[in-house]
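Enquirer: Starting off with a structure, shown below.
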Amino acid sequence: MAENEVENVAGESKGDKFKRLASKRVVNAIQKIELLTNLAGPGYESTPEEVTKILTALQSSVDKVKAAFLKQKIDKTVFKL
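Counting in the working numbering, the sequence shown runs from 9 upward without gaps.
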């Protein structure tokens, strides 16, 4: 094991822990986002303004994830229709 690679209590390296958790969390996030696609179906009605609010909130959250990985300042996303 590399000298700068720290293990956690379970003996898992930080890199392995990142990969394990990131894989699960990204899959979960994608599934939740894809559920929003159902709202575009004929069983629902939305205004262009509501759609814009949803898409803006999602983009803001993605931008915050990107900023976190780039070590930039992050503000909380607030969403309300």
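Glycine included, each C-beta is placed from N, C-alpha and C at the ideal position.
Just so it is clear, the structure is predicted and the values come from calculations on it, not from any experiment.
1. Between T85 and A65, is the Cβ-Cβ spacing less than 7 angstroms?
2. What residues in its chain sit with their C-beta under 7 angstroms from that of R33, if we drop five residues either side in the sequence?
3. Hey, does Y52 have any beta-carbon neighbour from chain B nearer than 7 angstroms?
4. Please state whether DSSP places S69 in a helix, a strand or coil.
5. Could you check the C-alpha separation between M9 and D83 for me, to the nearest Å?
Expert: This is what the structure holds:
1. yes
2. none
3. Considering every chain present, this structure includes no chain B. It has just one protein chain.
4. helix
5. The predicted model places M9 with a pLDDT of 46, which falls under 50 and marks its position as unreliable; any figure quoted below should be read in that light. Cα to Cα, the separation comes out at about 36 angstroms.
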